[in-house]
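The structure under discussion appears below in the form of structure tokens.
Residue numbers (full-length UniProt numbering): 1 to 304.
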């Protein structure tokens, strides 16, 4: 009984954190909506910046309700809980029928991947579309997809659910799960370190030419993003290795949502800087949600 009570308390703490990050996300969305309308919705061009921004910004409107449903809805059966946990926390569920959540299970992972790809793309543009940087970042993306998929296929079947110990406790109580999922966060750490390293090297090479404007904005915003996500990933690795049951999910939704918040806010900030620095190099126009960069001398970006 003490163990069940501890699991229930873990669920409640996780619920409080997830509701709070949902509130932060909604607040952030509405305070940035005027800038989004100005820099995004009034433009007719469709480029990779636009596509990535939409994925980063709007996938949480689907994944957050699903996450909260698994934690706040009353009288959920274990089968329903299993489906919701697969849907919210996974990338691919180990199953094949259309009734399984395979098609929906990309949501939370897709948000993180889209945010990472967005900043990898910014880093690639910052390096003036360097082919070596492109090969490095593309390889990392491919390895990340394969590794995270394998980890999730191994992790999801290990989730064990229990019924609430007392009436009145809503949501799904996870009693145990493998800690192997920490490997996914570990790879995020590696990815952030690589991107941060590329940003640092570029900043050191061009430190005498950085005199404000869009390039400096890309460097400092990229460094800020990578540092914040590094801290979140390290914290998630710690909770997965040290805590168990419902407590192991303590910061997972927080990290996912802050991935999207930081990526979208910094992208809008970059657009505002672009308005100020109209004389910047044309290759940075892609950060203004414009496809101009794709038409300049190379079709490399069409392959991204």
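Backbone N, C-alpha and C fix where the C-beta goes; we use that ideal spot for every residue, glycine too. Quick caveat: nothing in here was measured; it's all calculated off a predicted structure.
Neighbour-count burial assignment, residue i, 16 or more Cβ in a 10 Å radius
i: residue 160; result: exposed
i: residue 27; result: exposed
i: residue 240; result: buried
i: residue 131; result: exposed
i: residue 46; result: exposed
i: residue 97; result: Confidence at residue 97 is low in this model, with a pLDDT of 34, below 50, so its placement is unreliable and the value that follows should be read with caution. It counts as exposed.
i: residue 39; result: buried
Alpha-carbon spacing of residue i relative to residue j, whole angstroms
i: residue 104; j: residue 153; result: A caution first: residue 104 carries a pLDDT of 39, below 50, which makes its placement in the model unreliable, though a value can still be read off. Going by the C-alpha atoms only, they are around 15 Å apart.
i: residue 13; j: residue 170; result: 13 Å
i: residue 337; j: residue 128; result: The question about residue 337 has no answer here: the residues shown for the chain are numbered 1 through 304.
i: residue 265; j: residue 63; result: 19 Å
i: residue 30; j: residue 271; result: 18 Å
i: residue 19; j: residue 197; result: 34 Å
i: residue 77; j: residue 70; result: 10 Å
i: residue 172; j: residue 162; result: 8 Å
i: residue 293; j: residue 43; result: For residue 293, the pLDDT reaches just 38, beneath the cut-off of 50, and the residue's location in the model is therefore unreliable, leaving the point undetermined.
i: residue 66; j: residue 37; result: 27 Å
i: residue 32; j: residue 238; result: 32 Å
i: residue 11; j: residue 184; result: 22 Å
i: residue 15; j: residue 73; result: 11 Å
i: residue 283; j: residue 269; result: A caution first: residue 283 carries a pLDDT of 49, below 50, which makes its placement in the model unreliable, though a value can still be read off. So the alpha carbons of these two residues sit roughly 18 Å apart.
i: residue 243; j: residue 23; result: 25 Å
i: residue 134; j: residue 80; result: 42 Å
i: residue 155; j: residue 199; result: 33 Å
i: residue 35; j: residue 61; result: 19 Å
i: residue 349; j: residue 149; result: Residue 349 is absent from the structure shown; the chain starts at 1 and stops at 304.
i: residue 234; j: residue 108; result: 18 Å
i: residue 174; j: residue 41; result: 41 Å
i: residue 232; j: residue 142; result: 22 Å
i: residue 9; j: residue 190; result: 33 Å
i: residue 273; j: residue 57; result: 20 Å
Secondary structure of residue i, DSSP reduced to three states
i: residue 176; result: strand
i: residue 59; result: coil
i: residue 243; result: coil
i: residue 251; result: coil
i: residue 73; result: coil
i: residue 103; result: Confidence at residue 103 is low in this model, with a pLDDT of 35, below 50, so the placement of that residue is unreliable and no value is reported for it.
Closer than 7 Å: residue i CB and nearest the ligand FMN heavy atom
i: residue 55; result: For the structure depicted, the ligand FMN is absent and the ligand set is empty, with no information on it obtainable.
C-beta contact flag for residue i and residue j at 8 Å
i: residue 123; j: residue 195; result: yes
i: residue 250; j: residue 17; result: yes
i: residue 25; j: residue 188; result: no
i: residue 262; j: residue 225; result: yes
i: residue 147; j: residue 120; result: no
i: residue 151; j: residue 192; result: no
i: residue 227; j: residue 21; result: no
i: residue 205; j: residue 236; result: no
i: residue 118; j: residue 267; result: yes
i: residue 202; j: residue 140; result: no
i: residue 311; j: residue 110; result: With the chain represented from 1 up to 304, any question about residue 311 goes unanswered, as that position is not in the structure.
Examine the Cβ distances between the segment 168 to 188 and the segment 216 to 223 and report whether three or more of them are shorter than 8 Å.
-> They do not touch, by the three-pair rule.
Any 3 or more C-beta pairs closer than 8 Å across the segment 107 to 122 and the segment 45 to 64 | These segments touch.
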